[in-house]
Structure formats: structure tokens, C-alpha cells
Amino acid sequence: MARATARHILVKTETEALNLKEQIENGADFSELAKKHSSCPSSRDGGNLGSFGPGQMVPEFDQVVFSAPVGVVQGPVKTQFGSHLVEVTSRED
Numbered sequence: 021m022a023r024a025t026a027r028h029i030l031v032k033t034e035t036e037a038l039n040l041k042e043q044i045e046n047g048a049d050f051s052e053l054a055k056k057h058s059s060c061p062s063s064r065d066g067g068n069l070g071s072f073g074p075g076q077m078v079p080e081f082d083q084v085v086f087s088a089p090v091g092v093v094q095g096p097v098k099t100q101f102g103s104h105l106v107e108v109t110s111r112e113d
């Protein structure tokens with residue numbers, strides 16, 4: 021069964037997510053931005069969500085995690101929780 025590890029930053033708006041993504045693309049540290057800006061409890065650990073399989077996250081999140089290239093920040097991904105920036109850190113199919 022497929023498994024992935026990922027980290028994310030959860031903010032209220034797409035605009036906030038786009039601003040943070042631009043900062044990451046310009047060299048800002050994903051983990052530090054997650055600690056400062058993410059509203060998810062995972063922010064304490066730099067946005068790390070650990071390892072999970074398909075169906076354990078909301079569908080919009082799952083779709084990105086199990087299709088995006090590893091190590092490339094994706095998003096904003098809109099869910100009922102807000103807008104996410106997502107980085108798959110590893111995946112086994």
C-alpha cells in the first residue's frame with residue numbers, strides 16, 4: 021500500500037498561502053514559516069504530518085500528496101480547513 025510523509029502550512033486565505041509560497045521559493049525555510057504562520061497543531065514540528073496512507077487525509081490533500089513530485093512545494097490547496105502549502109517529503113508506492 022502507498023505511504024507518504026508530508027509537511028504543510030495551513031492558513032486562512034489563498035492570498036496568505038501564495039505569499040508564503042513566494043517566500044519559500046525565494047529561500048525562506050518551510051519549517052520556520054510553518055512554526056510562525058500555520059494554524060495546524062503540526063506547526064510545532066515545522067508542519068510535519070508524519071507518515072500516512074491514501075484516504076487518511078481529506079480528498080483534496082490526498083490528491084496532491086499522492087501525485088505531486090517529492091520535495092516540491094504545492095499549493096495553495098483549498099480544503100474545508102483553509103489553504104495549505106504542501107510538500108511531500110517521501111512516498112512509497
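The sequence shown begins at 21 in the numbering used here and counts up by one. Beta carbons: idealized from backbone N, C-alpha and C, even for Gly. Since the structure is predicted, the reported quantities are computational estimates derived from the model, not experimental observations.
Nearest candidate by alpha-carbon position, reference residue i, set the options
{"i": "A37", "options": "K56, D65 and D113", "result": "K56"}
{"i": "D113", "options": "E45, F86 and S51", "result": "F86"}
{"i": "T25", "options": "N68, I44 and Q43", "result": "N68"}
{"i": "T109", "options": "V78, N46, Q43 and F50", "result": "F50"}
{"i": "H28", "options": "S58, N39 and Q76", "result": "S58"}
{"i": "V78", "options": "S63, S62, A88 and F101", "result": "F101"}
{"i": "D65", "options": "E45, E52 and Q43", "result": "E52"}
Coil, strand or helix - residue i by DSSP
{"i": "K56", "result": "helix"}
{"i": "T35", "result": "helix"}
{"i": "V84", "result": "helix"}
{"i": "P96", "result": "strand"}
{"i": "F72", "result": "strand"}
Classification of residue i by the beta-carbon crowding that lies within 10 angstroms, buried from 16 upward
{"i": "G73", "result": "exposed"}
{"i": "K32", "result": "exposed"}
{"i": "M21", "result": "exposed"}
{"i": "V84", "result": "buried"}
Neighbourhood of residue i by C-beta distance below 6 Å, restricted to the same chain and skipping five residues each side
{"i": "E80", "result": "V97 and T99"}
Own chain, CB closer than 8 Å to residue i, minus 5 neighbours either side, in chain order
{"i": "S103", "result": "L30, V31, K32, T33, E34, E36, A37, G95, P96 and V97"}
{"i": "P41", "result": "For the sequence presented, residue 41 should be read as Lys rather than Pro. V93, G95, P96 and L105, listed in sequence order."}
{"i": "R23", "result": "S71, F72, G73, R111 and E112"}
{"i": "V90", "result": "V108, T109, S110 and R111"}
Interface flag, residue i vs chain D, CB-CB below 7 Å
{"i": "G70", "result": "Reference to chain D is not applicable here, since this structure consists of a single protein chain."}
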